[in-house]
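**Student:** This is the structure I have questions about; it appears just below.
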Amino acid sequence: MSLVEAKGLEKHYGDDVVLERLNFSVEPGEFVTIVGASGCGKTTFLKMMLGTESITKGQLRVDDKPIPGEPGPDRGVVFQRYSVFPHLTVLGNTIIAEELSRSRLFGKLFWRGRRKAREAALERLTQVGLQHALDKYPHELSGGMQQRLAIAQALMMKPRILLLDEPFGALDPGIRQDMHELVGKLWREQQLTIFMITHDIEEAFALGTRVWVFDKWRDDPQAPQAYGATITYDLDVERNREDAPSQAKQIQEDMYA
Amino acid sequence: MKRLINLKPARPARVALALLPFLLIAFVYLSASSARLAENPNDRLLPSPAKMADTMHGLATEANVRTGSIPLWADTAASLKRLGIGVGISAFAALVFGLLSGGLPLFRAPFSPLITVVSLIPPLAVLPILFIAFGTGELAKIVLIIVGITPFLIRDLTGEALRLPDEQRIKAQTLGANSWQVMLRVLLPQLTPRLISATRLALGSAWLFLIAAEAIAAQDGLGYRIFLVRRYLSMDVILPYVAWITLLAFIIDQALLWISRLSFPWYHVDEGKS
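In C-alpha cells form, the structure reads like this:
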C-alpha cells in the first residue's frame with residue numbers, strides 16, 4: 010500500500026488557482042525531490058503535507074487516512090531558516106523532543122528522565138556530527154551546523170515522513186555536499202520517506218529517487234491565475250540513473266525558457 | 003577626510019564626550035547660582051551645592067519630630083514599595099496575558115481589541131475614579147501604576163509573540179507538543195527577556211504615575227515630599243530629591259539589563275556592535 014496518496018488535489022486562494030490536478034502515490038522509502046520556478050506552489054504543497062495549509066478540493070491521504078489539519082510528530086520538518094529554537098542550546102534543542110512527548114505537563118525532564126533523554130539526544134547529535142557543540146546556542150553555529158541541528162531535532166521523534174523546504178538553500182556549495190551525504194545516509198538508515206523542495210536541479214537528481222517538476226499545465230495570458238501548477242514531470246531517477254544528466258539539462262532549459 | 007557618518011570616536015574620546023554635557027550643565031548651574039546668591043544671599047531658587055548637601059544631610063539623618071522616622075529613607079521606602087508592587091503585578095499580568103494572547107487566537111480575538119482601547123485611556127484621567135473606588139490609601143496609587151503600564155506591556159508582548167517565526171510553533175508541533183507545551187517551552191522563554199526590556203521602558207511611566215498619585219494624596223513618598231516643599235520654594239530639597247529619583251531609576255534600569263544579559267544571553271546577541 011502506498012504511504013502518501015493524492016487524488017485530484019487542488020489549492021485555491023480565492024479565484025487564484027495555485028495547485029490543481031495533483032495525482033500521485035508515494036511508496037514508503039521513496040526520496041521525492043521537488044523542483045519548479047519560484048511561486049509555483051511547491052511550498053504550498055509542502056504546507057499541505059504539514060497540515061498548516063488547508064485543502065481546497067480533492068484528497069491527500071497518508072496511510073489511507075486523510076492528512077490531519079495540523080502538524081504532528083509523524084511528519085518531521087526542516088525549513089530553510091528558523092528551524093531551531095534560538096533560546097535553547099544544541100543539546101536543549103534535541104532533548105526538547107523527548108521532553109515534550111514524555112512530560113505532558115511541564116514539557117521538561119529532570120534527573121533520571123533527563124539523563125535518558127540526554128543519551129538519545131547525544132546519539133542523534135553524534136550522527137550529524139554535533140557532539141562537540143552541545144552547549145552552544147544556535148547563533149554561535151554556522152549555517153551548516155544549524156541545519157545539521159535542525160535535522161537531528163526533526164529525527165528525534167522518528168517520523169516516517171520528513172519534509173524539507175530548501176534546507177540547503179542558504180549554504181555554501183562545499184557544505185551542501187556534506188549535507189547531501191548526511192541526508193542520504195540518514196534516509197537509508199532510518200528508512201525515511203522524504204519530500205524535499207530545492208532550487209538546485211542537480212541536487213534534485215543527485216539525492217532523489219524520484220523527481221517532480223511543478224509547473225503550470227496551461228497558461229492563459231488573459232487570466233494568468235486561472236490555471237494552477239501541477240506535476241508536469243514525474244521522473245523515476247532510481248531506475249534511469251544514466252539518463253538523469255540529460256533529463257536534468259532538459260528540465261533546466263524548460264524552466265528558464 | 004572620511005564621511006561624517008564614518009567618523010567614530012575612540013574610547014577615551016567617547017568617555018570625554020559623554021561627560022561633556024554633564025560638566026556643561028553643572029557649570030551653567032553653578033555660575034547662575036553664585037550670580038543670584040551674590041545679589042541676594044537668601045535666594046531660594048538656585049541654592050548652592052553646600053546648602054543642598056546640608057539640607058539633605060538633615061533629611062537623611064534626623065528623625066522627623068511628628069512621625070519619628072527619617073524623611074529621606076521613609077520616603078524612599080514608601081515610594082519603592084509602591085513602585086515595586088505596582089510594576090511587579092503589571093509585569094506578571096502582562097506576561098500571562100501576552101502568553102495567552104500571543105499563543106491562542108481564540109483568546110486574542112476578544113481581548114486584543116479591548117486591550118488596545120484600554121491602553122488609549124489616559125491613566126491620570128481615571129485617577130479620580132481610583133481615589134473614589136479605592137480610597138486615598140496605598141491601593142489607589144498601586145492601581146494607578148498597574149492601569150498605566152499593563153496595557154502597554156501586554157501589547158508589546160503580544161506583538162513580540164506574533165513576531166516569532168511561525169516555523170517555531172510548527173516545529174514544536176512536529177516534535178509532539180500540545181498547545182500548553184508550545185506556550186510553556188517556546189513562547190514563555192522567548193517572551194521573558196522581552197518583558198524585561200519592555201518593563202525597563204515602562205518604568206519611566208511608572209515613576210510618572212507614582213509621583214502624580216503621591217502628589218495628590220499621600221503621607222509619605224518621594225513625590226509627596228517634592229510637592230509638599232514646593233509651597234516654600236525649597237529648591238534645596240526638590241533638586242536633590244529629583245537627582246535621587248533619577249539615580250534610583252538608573253540603578254533599577256541597569257539591574258534589569260544585567261539580569262537579562264546574564265539569564266538570556268541569546269536575546270542580547272545583536273547588541274553592542276556599535
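So the sequence lines, in the order shown, correspond to chains L and Y.
Under the numbering used here, the first residue of the first sequence is numbered 10, with each subsequent residue one higher.
Under the numbering used here, the first residue of the second sequence is numbered 3, with each subsequent residue one higher.
Virtual Cβ for every residue (Gly too), placed ideally from N, Cα, C.
May I ask which residues mark the beginning and end of the beta strand (DSSP E) holding L/Thr241?
**Tutor:** The sequence position of residue 241 of chain L within the first sequence is 232, counting from 1. Start and end: Ala238 to Asp245.
**Student:** Counting only beta-carbon atoms, is L/Tyr242 nearer than 8 Å to chain Y?
**Tutor:** Here residue 242 of chain L corresponds to residue number 233 of the first sequence, with the count starting at 1. Not an interface residue.
**Student:** Three or more C-beta pairs closer than 8 Å, one from the region 88 to 105 of chain Y and one from the region 240 to 253 of chain Y: is that the case here?
**Tutor:** The region 88 to 105 of chain Y vs the region 240 to 253 of chain Y: no contact.
**Student:** Could you give the DSSP three-state label for L/Lys225: helix, strand or coil?
**Tutor:** Within the first sequence, the letter at position 216 stands for residue 225 of chain L. In this structure, L/Lys225 counts as strand in the three-state DSSP scheme.
**Student:** Is there a Cβ from chain Y that is less than 8 Å from the Cβ of L/Ser151?
**Tutor:** For the purposes of this step, residue 151 of chain L is taken as residue 142 along the first sequence, with counting starting at 1. So, not an interface residue.
**Student:** Please list the partners that L/Thr61 has in chain Y, where partner means a Cβ-to-Cβ separation under 7 Å.
**Tutor:** To locate residue 61 of chain L, count along the first sequence from 1; it is residue 52. Residues of chain Y passing the Cβ test: Ile172.
**Student:** I'd like the list of long-range same chain contacts for Y/Ser276, defined as Cβ closer than 7 Å, with 5 residues on each side in sequence excluded.
**Tutor:** For the purposes of this step, residue 276 of chain Y is identified with residue 274 of the second sequence, where counting begins at 1. Low local confidence applies: a pLDDT of 44 at Y/Ser276 is under 50, so the model's placement there is unreliable, and no value is given.
**Student:** Per DSSP, what kind of secondary structure is L/Met154 in: helix, strand or coil?
**Tutor:** The count along the first sequence starts at 1 and reaches residue 154 of chain L at position 145. Residue state, collapsed to three classes: helix.
**Student:** Please classify Y/Met185 as buried or exposed, where buried requires at least 16 other C-beta atoms within 10 Å of its C-beta.
**Tutor:** Translated into the one-based positions of the second sequence, residue 185 of chain Y becomes position 183. That one is buried.
**Student:** May I ask which residues mark the beginning and end of the beta strand (DSSP E) holding L/Ala15?
**Tutor:** Residue mapping note: residue 15 of chain L aligns to position 6 of the first sequence, counting from 1. Segment Val13 to Tyr22, the beta strand (DSSP E) holding L/Ala15.
**Student:** How would you call L/Val86, buried or exposed, if buried means at least 16 neighbouring beta carbons within 10 angstroms?
**Tutor:** Counting from 1 along the first sequence, the entry for residue 86 of chain L is found at position 77. L/Val86 comes out buried.
**Student:** Kindly list, in the order they appear in chain L, the residues whose Cβ is closer than 9 Å to that of Y/Thr78.
**Tutor:** In the second sequence, residue 78 of chain Y corresponds to position 76, counting from 1. Simply none; closest approach about 36 Å.
**Student:** In terms of residues, what are the limits of the beta strand (DSSP E) holding L/Asn32?
**Tutor:** The residue labelled residue 32 of chain L in the question sits at position 23 within the first sequence. Asp25 to Val35 is the span of the beta strand (DSSP E), which, as asked, contains L/Asn32.
**Student:** Using a Cβ-Cβ cut-off of 8 Å, state whether L/Ile105 counts as contacting chain Y.
**Tutor:** Residue mapping note: residue 105 of chain L aligns to position 96 of the first sequence, counting from 1. For L/Ile105, the answer is yes, since a Cβ of chain Y falls inside 8 Å of its Cβ.
**Student:** Which residues in chain Y have a C-beta closer than 8 Å to the C-beta of L/Ser92? List them in chain order.
**Tutor:** Residue numbering aside, residue 92 of chain L sits at position 83 when the first sequence is read from its first letter. What L/Ser92 touches in chain Y: Glu169 and Lys173.
**Student:** Hey, L/Gln261 and L/Ile210 are a contact pair by Cβ (cut 8 Å); roughly how many whole angstroms apart?
**Tutor:** As a working mapping, residue 261 of chain L is identified with position 252 in the first sequence. As a working mapping, residue 210 of chain L is identified with position 201 in the first sequence. The pair is a contact, with the Cβ atoms about 5 Å apart (cut-off 8 Å).
**Student:** Applying a beta-carbon distance threshold of less than 7 Å, which residues of chain Y neighbour L/Pro176?
**Tutor:** Your numbering for residue 176 of chain L matches position 167 in the first sequence. By Cβ distance, chain Y contributes nothing, its closest Cβ being about 12 Å from L/Pro176, past 7 Å.
**Student:** Quick one, which of L/Arg124, L/Asp224 and L/Val35 has its alpha-carbon nearest L/Ala238's?
**Tutor:** Looking up residue 238 of chain L in the first sequence gives position 229. Closest option to L/Ala238, Cα to Cα, is L/Asp224.
**Student:** Return the bridge partner residues of Y/Asp45 from the DSSP annotation.
**Tutor:** Translated into positions along the second sequence, residue 45 of chain Y becomes position 43. Paired residues: none, contrary to the question.
**Student:** With 8 Å as the threshold, decide whether the Cβ of L/Tyr146 is near any Cβ in chain Y.
**Tutor:** Within the first sequence, the letter at position 137 stands for residue 146 of chain L. Closer than 8 Å: yes.
**Student:** Grab me the residues of Y/Ile254's own chain with a C-beta within less than 8 Å of its C-beta, minus the 5 sequence neighbours each way, in chain order.
**Tutor:** Stepping through the second sequence from its first residue, residue 254 of chain Y is reached at position 252. Leu205, listed in sequence order.
**Student:** So the candidates are L/Leu201, L/Gly67 and L/Phe214; which of them puts its Cα closest to the Cα of L/Gln259?
**Tutor:** Here the question's residue 259 of chain L lines up with position 250 in the first sequence. Per the Cα distances, L/Phe214.
**Student:** Given this structure, state the Cα-to-Cα distance separating L/Gly60 from Y/Val89, to the nearest angstrom.
**Tutor:** Taking the first residue of the first sequence as position 1, residue 60 of chain L is located at position 51. Taking the first residue of the second sequence as position 1, residue 89 of chain Y is located at position 87. One C-alpha to the other measures close to 41 Å.
**Student:** If contacts are defined as beta-carbon pairs under 8 Å, then L/Leu139 and L/Met154 qualify, I think. What distance do you get, rounded to the angstrom?
**Tutor:** In the first sequence, counting from the first residue as 1, residue 139 of chain L sits at position 130. In the first sequence, counting from the first residue as 1, residue 154 of chain L sits at position 145. About 7 Å separates the two Cβ atoms, so the contact holds.
**Student:** Using the rule of at least 16 other Cβ atoms within 10 Å of the residue's Cβ for burial, across every protein chain shown, is L/His148 buried or exposed?
**Tutor:** Position 139 of the first sequence, counted from the first residue, corresponds to residue 148 of chain L. Label assigned to L/His148: exposed.
**Student:** Counting only Cβ pairs nearer than 8 Å, list the residues of chain Y close to L/Met165.
**Tutor:** The count along the first sequence starts at 1 and reaches residue 165 of chain L at position 156. Near L/Met165 (Cβ distances below 8 Å), the residues of chain Y are Leu177.
**Student:** Would Y/Asn180 count as contacting chain L if we go by Cβ distances under 8 Å?
**Tutor:** The sequence position of residue 180 of chain Y within the second sequence is 178, counting from 1. Yes, its Cβ sits closer than 8 Å to a Cβ of chain L.
**Student:** Mind pulling the chain Y residues with CB within less than 9 Å of L/Val86?
**Tutor:** As a first step, residue 86 of chain L must be located in the first sequence, where it is residue number 77. Those within 9 Å of L/Val86 in chain Y are Glu169, Ile172, Lys173 and Thr176.
**Student:** Can you name the residues that DSSP bridges to L/Gly85?
**Tutor:** Mapped onto the first sequence, residue 85 of chain L falls at position 76. BP columns for L/Gly85 point to L/Leu171.
**Student:** Label L/Glu247 either buried or exposed according to how many other C-beta atoms from any shown protein chain fall within 10 Å of its C-beta, with 16 as the threshold for buried.
**Tutor:** Working through the first sequence from its first residue, we reach residue 247 of chain L at position 238. Counting Cβ neighbours within 10 Å, L/Glu247 comes out exposed, since fewer than 16 surround it.
**Student:** For L/Glu128, which residues in chain Y fall below 8 Å Cβ to Cβ?
**Tutor:** As a working note, residue 128 of chain L is residue 119 in the first sequence. Those within 8 Å of L/Glu128 in chain Y number zero; the least Cβ separation is about 18 Å.
**Student:** DSSP three-state label for Y/Val145, please.
**Tutor:** Translated into the one-based positions of the second sequence, residue 145 of chain Y becomes position 143. Helix.
**Student:** So, at 8 Å on beta carbons, what are the nonlocal neighbours of L/Ala15 in its own chain, with the 5 sequence-adjacent residues on each side left out?
**Tutor:** The count along the first sequence starts at 1 and reaches residue 15 of chain L at position 6. These residues qualify, in order along the chain: Leu31, Asn32, Phe33, Ser34, Gly67, Gln68, Leu69 and Arg70.
**Student:** CA-CA distance, L/Val41 and L/Leu201?
**Tutor:** Taking the first sequence and counting its residues from 1, one reaches residue 41 of chain L at position 32. Taking the first sequence and counting its residues from 1, one reaches residue 201 of chain L at position 192. Each residue's alpha carbon lies about 11 Å from the other.
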